[in-house]
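All remarks here apply to the structure that follows.
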Amino acid sequence: EDKVVQSPLSLVVHEGDTVTLNCSYEVTNFRSLLWYKQEKKAPTFLFMLTSSGIEKKSGRLSSILDKKELFSILNITATQTGDSAVYLCAGYSNSGYALNFGKGTSLLVTP
Amino acid sequence: DVKVTQSSRYLVKRTGEKVFLECVQDMDHENMFWYRQDPGLGLRLIYFSYDVKMKEKGDIPEGYSVSREKKERFSLILESASTNQTSMYLCASSSPGQGDHEQYFGPGTRLTVT
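First to last, the protein sequences are chains A and B. If you're matching positions, the first sequence starts at 802 in the working numbering and goes up one per residue. If you're matching positions, the second sequence starts at 14 in the working numbering and goes up one per residue.
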């Protein structure tokens with residue numbers, strides 16, 4: 802059975818801190834791994850990772866995939882209160898159509 | 014800009030009622046999905062469709078059915094709503110292909126069954 806596990810489940814940091822969110826996955830016939838940010842609404846897409854060792858970057862956010870260890874991390878540097886959200890990791894299932902989501906990491910950035 | 018819209022943001026229904034949740038996307042996407050999101054359980058797939066009139070069960074299809082008569086519209090039906098179907102329902106769509114594209118989500122419908 803495909804499985805995506807995120808850690809930690811929740812995190813509280815101060816503005817300016819750097820955080821690392823973890824995602825481990827067991828997905829048959831792995832195709833890609835995705836990160837989403839969810840505030841009090843629909844998840845919004847951040848990154849899709851398909852190749853091992855290649856970092857994807859967008860502003861203060863970056864993510865990397867390790868296909869050998871079946872692991873991905875999402876880094877946020879110089880955190881701001883607007884980064885407070887639930888961060889979701891997901892892997893495409895064997896069928897390739899549907900995403901298997903982890904339970905998410907709830908990040909709270911305090912002023 | 015991809016847009017996925019859902020018919021209601023909030024819905025309150027009584028046990029036993031038939032409930033229709035509508036989802037429309039404007040990007041000509043082949044793939045459409047229905048998830049539910051519950052605290053501590055994350056997002057779980059109910060049904061998906063990769064083409065008009067095609068549907069596939071997800072992880073938790075019991076108590077639900079779907080309809081896809083037109084490419085842009087994917088409906089989720091609760092034949093006889095029960096209190097354990099109180100949840101946030103999220104619709105998503107994506108381009109064709111398998112594992113190649115991000116999914117775009119609608120704003121969600123928070124359904125309460127009393």
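Virtual Cβ for every residue (Gly too), placed ideally from N, Cα, C. Since we're looking at a predicted model, the values are computed, not measured.
Nearest-angstrom Cα distance between residue i and residue j?
| i | j | result |
| --- | --- | --- |
| residue 827 of chain A | residue 871 of chain A | 7 Å |
| residue 69 of chain B | residue 88 of chain B | 13 Å |
| residue 906 of chain A | residue 836 of chain A | 11 Å |
| residue 841 of chain A | residue 886 of chain A | 8 Å |
| residue 117 of chain B | residue 36 of chain B | 12 Å |
| residue 98 of chain B | residue 125 of chain B | 8 Å |
| residue 854 of chain A | residue 92 of chain B | 47 Å |
| residue 86 of chain B | residue 898 of chain A | 17 Å |
| residue 869 of chain A | residue 96 of chain B | 43 Å |
| residue 53 of chain B | residue 824 of chain A | 16 Å |
| residue 889 of chain A | residue 882 of chain A | 18 Å |
| residue 901 of chain A | residue 65 of chain B | 23 Å |
| residue 849 of chain A | residue 858 of chain A | 11 Å |
| residue 94 of chain B | residue 81 of chain B | 20 Å |
| residue 119 of chain B | residue 17 of chain B | 5 Å |
| residue 874 of chain A | residue 818 of chain A | 16 Å |
| residue 39 of chain B | residue 808 of chain A | 35 Å |
| residue 839 of chain A | residue 42 of chain B | 22 Å |
| residue 62 of chain B | residue 856 of chain A | 32 Å |
| residue 806 of chain A | residue 884 of chain A | 21 Å |
How should residue i be labelled, buried or exposed, when 16 other C-beta atoms within 10 angstroms of its C-beta is the threshold for buried?
| i | result |
| --- | --- |
| residue 109 of chain B | exposed |
| residue 22 of chain B | exposed |
| residue 27 of chain B | exposed |
| residue 909 of chain A | exposed |
| residue 33 of chain B | exposed |
| residue 861 of chain A | exposed |
| residue 127 of chain B | exposed |
| residue 103 of chain B | buried |
| residue 802 of chain A | exposed |
| residue 45 of chain B | buried |
| residue 912 of chain A | exposed |
Please decide whether residue i counts as near chain E, where near means a Cβ-Cβ distance under 8 Å.
| i | result |
| --- | --- |
| residue 115 of chain B | Judged by its chain identifiers, the structure shown contains no chain E, and its protein chains are A and B. |
Put residue i into one of helix, strand or coil per three-state DSSP.
| i | result |
| --- | --- |
| residue 883 of chain A | helix |
| residue 97 of chain B | helix |
| residue 42 of chain B | coil |
| residue 876 of chain A | strand |
| residue 22 of chain B | coil |
| residue 27 of chain B | coil |
| residue 86 of chain B | strand |
Tell me the residue span of the beta strand (DSSP E) that contains residue i.
| i | result |
| --- | --- |
| residue 114 of chain B | Neither: residue 114 of chain B is in no beta strand (DSSP E) and is coded neither H nor E. |
| residue 901 of chain A | 900–902 |
| residue 865 of chain A | 862–867 |
| residue 849 of chain A | 845–850 |
| residue 871 of chain A | Careful: residue 871 of chain A lies outside any beta strand (DSSP E) and carries neither H nor E. |
| residue 832 of chain A | Unbroken run through residue 832 of chain A: none, as it is neither H nor E. |
Review point. For the segment 29–41 of chain B against the segment 829–836 of chain A, are there 3 or more C-beta pairs whose distance is under 8 Å?
Key: Touching, no, given that fewer than three Cβ pairs across the two stretches are closer than 8 Å.
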